[in-house]
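Below is one structure, written out as structure tokens; comments come after it.
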Amino acid sequence: MKTVKLFTLGCKVNQYETQVIRENILKAGLREVNNGLGADCYIINTCTVTHKADSESLRLIRIAKKENPQAKIVVTGCFTEKDRGLIISKFPGILIVTNNQKHRIKEVLFETDRNESQSSDCQGVSYFEGHTRAFIKIQDGCNNFCAYCKVPFVRGRSKSRHLKEVIHEAQRLADNGYKEIVLTGICLGEYGRDLDGDIDLTGIISALEKISSIRRIRLSSIEINNISESLIKTLAGSSKLCKHLHIPLQSGDDYILSRMNRRYNSSYFLRAVDAIRKAVNTISITTDVLVGFPGEEESHFNNTVAVLRQINPLKTHIFPYSERAGTQSSLMRPLVQAKIVSNRISCLKEECLKLSIAFRTKFIGQEMDVIIEDKFKEGGYFWRGYTGNYIRVLLDDKDEKLENSEIKVILSHIISDEYVATLPLTRQRDMIK
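In the working numbering, the protein residues as written are 323 to 755.
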């Protein structure tokens with residue numbers, strides 16, 4: 323039996339698409355290996371959101387070539403959309419499969435033909451490798467064209483999956499024991515706008531809530547201008563939709579936001595977050611911030627820090643600006659010196675850690691539901707999991723196998739930059755049926 327290795331870079335959509343590929347090729351007879359030995363075939367699902375992602379994509383191709391120079395190597399994903407020529411020039415003989423042809427990777431590997439209109443994406447996934455949470459891609463593409471971003475060029479315009487496909491996939495995952503479903507998309511809040519019929523993100527959430535064995539529905543990421551009153555109402559009223567939103571900020575300065583083509587200002591962002599918090603007082607907000615965008619001065623950066631203090635995010639993902647060829651920002655000047663960007667990132671990390679601790683501290687002593695994900699060893703053995711509002715917790719319990727269990731705990735104290743320790747309730751009460 324031939325062996326295969328799969329590598330994935332980038333977003334949850336890429337992770338989902340790799341899982342679709344995995345299931346298709348394993349059903350066809352390949353055997354997946356993850357050791358240091360070479361494989362007969364390699365599939366590398368790439369990312370191009372930053373220069374670092376490009377470099378990592380090329381590094382993985384080099385690893386595959388080194389492990390087995392005779393292997394069949396398929397490279398797919400966003401890096402292939404704009405840099406196909408670069409990949410072929412560096413690695414002759416590599417097979418390139420673009421994003422909209424990922425469903426044909428099995429046929430490429432086995433050198434068979436198939437009607438290209440038949441997309442295995444329609445079948446979705448039945449399990450999710452290495453996760454107790456399962457991702458479902460419900461949308462692809464983006465119409466926003468932010469000044470720094472290549473995604474609309476490599477993913478195309480916004481496209482939604484039909485509700486029926488998504489529900490069938492979610493039911494299959496639920497039947498296979500998954501309690502939490504994470505809805506993913508490149509621009510999730512655009513779901514349904516290209517479909518015939520009256521369906522949007524709240525509609526798909528409502529349909530998923532009817533699957534009894536799904537305990538949690540989580541949104542992966544959503545833009546602030548896609549958060550409608552109906553979505554806030556759904557957040558407040560749903561027992562299954564997680565009280566957590568990842569909302570990219572990128573900058574808290576109106577001048578920089580305008581240059582980024584982000585289509586909102588800081589006041590709009592803060593008003594929306596305030597409306598969400600008034601409706602759902604336990605909501606956690608996580609966010610992204612891009613540091614060093616062309617023209618960013620110290621005053622602009624300070625405005626970002628001030629806005630973050632008002633948001634009080636649970637977690638902030640901080641990225642240095644990475645110039646992408648073909649984007650509007652690649653023509654913008656002045657560039658911010660690398661040393662200044664590095665200093666600002668260090669300052670922001672320190673500030674955001676304080677904000678994270680402040681947010682988590684509010685929940686100390688509270689009873690919360692946690693879905694246990696896995697065992698974690700650091701100074702002892704602990705179970706690791708997440709609350710519905712995405713606080714990561716550790717549970718000291720050596721007596722029972724708790725993986726994928728949903729239990730009630732009391733958050734006791736913060737023990738690290740990331741974790742909150744928990745106290746289990748009595749065994750008669752803590753298992754949630």
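Note that beta-carbon positions come from the ideal geometry of N, C-alpha and C, so glycine has one too.
Report the start-end ranges of each beta strand (DSSP E) in the stretch 666 to 743 that is 3 residues or longer and not cut off at the edges. Unbroken beta strand (DSSP E) stretches of 3 residues or longer found wholly inside the stretch 666 to 743: 689 to 699, 703 to 709, 714 to 717, 728 to 736, given in chain order.
Within the continuous beta strand (DSSP E) that includes K327, where are the two ends? Residue 327 sits at position 5 when you count from the first residue of the sequence shown. Element bounds for K327: 325 to 330.
Note down the Cα distance separating E545 from Y586, rounded to an integer number of angstroms. Here the question's residue 545 lines up with position 223 in the sequence shown. Here the question's residue 586 lines up with position 264 in the sequence shown. Rounded to the nearest angstrom, the two C-alpha atoms are 10 Å apart.
Is the beta carbon of V335 sitting closer than 7 Å to the one on K459? Within the sequence shown, numbered from 1, the residue matching residue 335 stands at position 13. Within the sequence shown, numbered from 1, the residue matching residue 459 stands at position 137. Cβ atoms of V335 and K459: closer than 7 Å.
Helix, strand or coil: how does DSSP classify S580 here? In the sequence shown, the residue the question calls residue 580 occupies position 258. S580 falls in the helix class under three-state DSSP.
Would you check if the distance between the CB atom of D691 and the CB atom of E740 is smaller than 7 Å? Here residue 691 refers to the residue found at position 369 when the sequence shown is read from its first residue. Here residue 740 refers to the residue found at position 418 when the sequence shown is read from its first residue. Going by C-beta atoms, D691 is not nearer than 7 Å to E740.
Minimum length 4: unbroken alpha helix (DSSP H) runs contained in the stretch 456 to 539: Counting only runs of 4 or more, we get 473 to 477, 485 to 497, 523 to 531.
Using 7 Å as the threshold, is the C-beta distance between N356 and T398 below it? Taking the sequence shown and counting its residues from 1, one reaches residue 356 at position 34. Taking the sequence shown and counting its residues from 1, one reaches residue 398 at position 76. When the beta-carbon positions are compared, N356 and T398 stay at least 7 Å from each other.
Three-state secondary structure (DSSP) of T372: As a working mapping, residue 372 is identified with position 50 in the sequence shown. DSSP places T372 in coil when its eight states are reduced to three.
Terminal residues of the alpha helix (DSSP H) in which H453 lies: Position 131 of the sequence shown, counting from 1, holds the residue named residue 453. The continuous stretches of alpha helix (DSSP H) do not include H453, and DSSP gives it neither H nor E.
Taking the runs of the beta strand (DSSP E) that are 3 residues or longer, which of them lie wholly in the stretch 361 to 413? As for any beta strand (DSSP E) of minimum length 3 sitting wholly inside the stretch 361 to 413, the runs are 363 to 368, 394 to 399, ordered along the chain.
For F401 versus T420, is the C-beta spacing smaller than 7 Å? Taking the first residue of the sequence shown as position 1, residue 401 is located at position 79. Taking the first residue of the sequence shown as position 1, residue 420 is located at position 98. Not in contact: F401 and T420 (Cβ atoms no closer than 7 Å).
From what residue to what residue does the alpha helix (DSSP H) around F615 run? In the sequence shown, residue 615 corresponds to position 293, counting from 1. Neither: F615 is in no alpha helix (DSSP H) and is coded neither H nor E.
Around the C-beta of E620, are 16 or more other C-beta atoms found within 10 angstroms, so that it is buried, or is it exposed? Indexing the sequence shown from 1 puts residue 620 at position 298. Sixteen is the threshold: since fewer than 16 other Cβ atoms of the shown chains lie within 10 Å of the Cβ of E620, the residue is exposed.
Is the beta carbon of V447 less than 7 Å from the beta carbon of Q341? Position 125 of the sequence shown, counted from the start, is the residue given in the question as residue 447. Position 19 of the sequence shown, counted from the start, is the residue given in the question as residue 341. Cβ atoms of V447 and Q341: closer than 7 Å.
Skipping 5 residues on each side, what residues in its chain have a beta carbon closer than 7 Å to that of E618? Numbered from its first residue, the sequence shown carries residue 618 at position 296. Result list for E618: I578, V658, in chain order.
Of the residues A496, S552, T638, the one placed nearest E672, counting alpha carbons only: For this step, residue 672 is matched to residue 350 along the sequence shown. Of the candidates A496, S552, T638, T638 places its Cα closest to the Cα of E672.
Limits of the unbroken alpha helix (DSSP H) element including I554: Here residue 554 is taken as the residue at index 232 of the sequence shown, counted from 1. For I554, the enclosing alpha helix (DSSP H) stretches over residues 551 to 559.
Hey, is the stretch 650 to 667 in contact with the stretch 474 to 481, meaning 3+ C-beta pairs nearer than 8 Å? The answer is no - the stretch 474 to 481 does not touch the stretch 650 to 667, with fewer than three Cβ pairs under 8 Å.
T683, buried or exposed, once every other Cβ within 10 Å from all chains shown has been counted against 16: Along the sequence shown, read from residue 1 onward, the residue named residue 683 stands at position 361. Flag for T683 reads exposed.
Does M582 pass the burial test, meaning 16 or more other C-beta atoms within 10 Å, or should it be called exposed? For the purposes of this step, residue 582 is taken as residue 260 along the sequence shown, with counting starting at 1. That one is buried.
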